[in-house]
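First up is the structure itself, then whatever we jot down about it.
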Amino acid sequence: MKASHIIIVLIIFAWPLYYLYQLQLGAVSFLLLAIFFLVITIKETKKLRAQKEKELPREKIK
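Final position of the sequence shown in our numbering is 876; the numbers increase by one with none missing.
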């Protein structure tokens, strides 16, 4: 995911998350942000793993 997309998503969701914070539900907004960054990390890890597999040919076991 591009950095610009991440920033746009965070800006869009800033108001609802701040609203939850004002209602003393800051833990919910923190949880949602943690899940968002977890999903981004998983996508990036899959992408890096796929690139690594393409670059290194696997050796055959004799």
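From the three backbone atoms N, C-alpha and C, an ideal C-beta is built for every residue, glycine too.
Alpha carbon to alpha carbon, how far is residue j from residue i? Give it in angstroms, no decimals.
i: Phe-851; j: Tyr-832; result: 17 Å
i: Ser-818; j: Ile-875; result: 44 Å
i: Leu-870; j: Leu-862; result: 12 Å
i: Leu-847; j: Ile-822; result: 14 Å
i: Lys-860; j: Lys-868; result: 12 Å
i: Thr-855; j: Ile-820; result: 12 Å
i: Tyr-835; j: Ser-843; result: 7 Å
i: Lys-866; j: Glu-873; result: 14 Å
Closest to residue i by C-alpha separation, out of the options, would be which residue?
i: Lys-816; options: Leu-845, Lys-857, Leu-839; result: Lys-857
Determine, using beta carbons only, whether residue i comes closer than 7 Å to chain D.
i: Tyr-833; result: Included in the structure is just one protein chain, with no chain D present.
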